[in-house]
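Taken in order, the sequence shown gives residues 1 to 249; the numbers are from UniProt numbering.
We treat Cβ as the ideally placed atom computed from N, Cα and C, and that holds for glycine.
Fair warning: this is a prediction, and the values are worked out from it, not measured in the lab.
Read through the structure below, which is laid out as structure tokens, and then see the notes.
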Amino acid sequence: MAPRQRTKGYPRPASAKTDGSLRFESFDTATESISNSNSTSTLQPRSSVRFRNIPMSRSTLRRCDYTPEEIRATWFSRRELRDMVPDLKELKQIARCCSADDCIRGLEHQTKKGIKLRRSVWVISGIAVMDEQDYQREDGIRDDEALAQAYSDYTQIHQKAAHWIGLTDEAYVRAHVCEESTEMSIPPLEKSVVRGCEKLKCFCQCHVSEPNHDCADSDGQRRRINLFKGLGLGQRQQSRRKQKQSSKQ
């Protein structure tokens, strides 16, 4: 018998389990083959959703429950935000010759180096994605996971750098803000994490100020980083072509 084409996908009814949880199943549009009754078909595991038997709730104050004093203490007013703008502009101007007494936390992307770094990340990650798209068009395939991986390959180091900034903020809060009796919801920083942060700090400073500078990354590998030239449009595609030609030979 010819295979039957399923044109639409409808949700299956929820099935109750013995433990009281519910499982919701759905099937996508697919071609379903009808085999003989004696043959056994292999079923693919379906994704399911389970609900907790005992619901947990947490009360949250609404904005209308706040007093005017609490509202002023919690949120910035429009006047306060307007008053902050001149100070931020002045801090942005002196960021070029920043000293130990000046803090530009939160304005990193407003400096020349920050703008240079952010723009270069956009360019290189975009080139990597377009290069992967060209490769897939040549082979007649469509792989969304490969596109996401190509983008992640060039943004992962910056994600680690952002994580390092968060860790340094945490260390500052521990040292200057939090009292010794205050219980923190996060464990103390380990020495390995601190060493990794220092390496990331060195890496970020090097490839922002000196794009051709050699620096060891967190894995201990030596890499030459050039943010503005990157891999170059089509270079990754050409390397794959060479691999294909060598494999055919």
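Residues in its own chain within less than 6 Å of residue i by CB, not counting five upstream and five downstream?
i: Gly114; result: Glu108
i: Gln243; result: none
i: Arg79; result: none
Measure the CB-CB distance between residue i and residue j and report whether it falls below 8 Å.
i: Val123; j: Tyr151; result: no
i: Gln159; j: Leu147; result: no
Pull up the distance between the alpha-carbon of residue i and that of residue j, whole angstroms please.
i: Phe51; j: Ser59; result: 20 Å
i: Gln156; j: Gln149; result: 10 Å
i: Thr67; j: Leu61; result: 11 Å
i: Val121; j: Tyr154; result: 7 Å
i: Thr111; j: Cys64; result: 40 Å
i: Trp164; j: Asp144; result: 29 Å
i: Arg46; j: Ile54; result: 25 Å
i: Val85; j: Val49; result: 48 Å
i: Asp87; j: Arg105; result: 13 Å
i: Tyr172; j: Ser246; result: 54 Å
i: Ser125; j: Arg119; result: 10 Å
i: Ala161; j: Ala175; result: 21 Å
i: Ser77; j: Lys92; result: 22 Å
i: Asp83; j: Ile71; result: 19 Å
i: Glu90; j: Leu81; result: 15 Å
Just to confirm my understanding: we take residue i, look at its own chain, exclude 5 residues before and 5 after, and list those with CB closer than 8 Å. What are they?
i: Glu69; result: none
i: Thr74; result: Tyr66
i: Asp139; result: none
Tell me which same chain residues have a C-beta within less than 7 Å of the C-beta of residue i, skipping the five on either side of it?
i: Arg142; result: Gln136
i: Ser57; result: none
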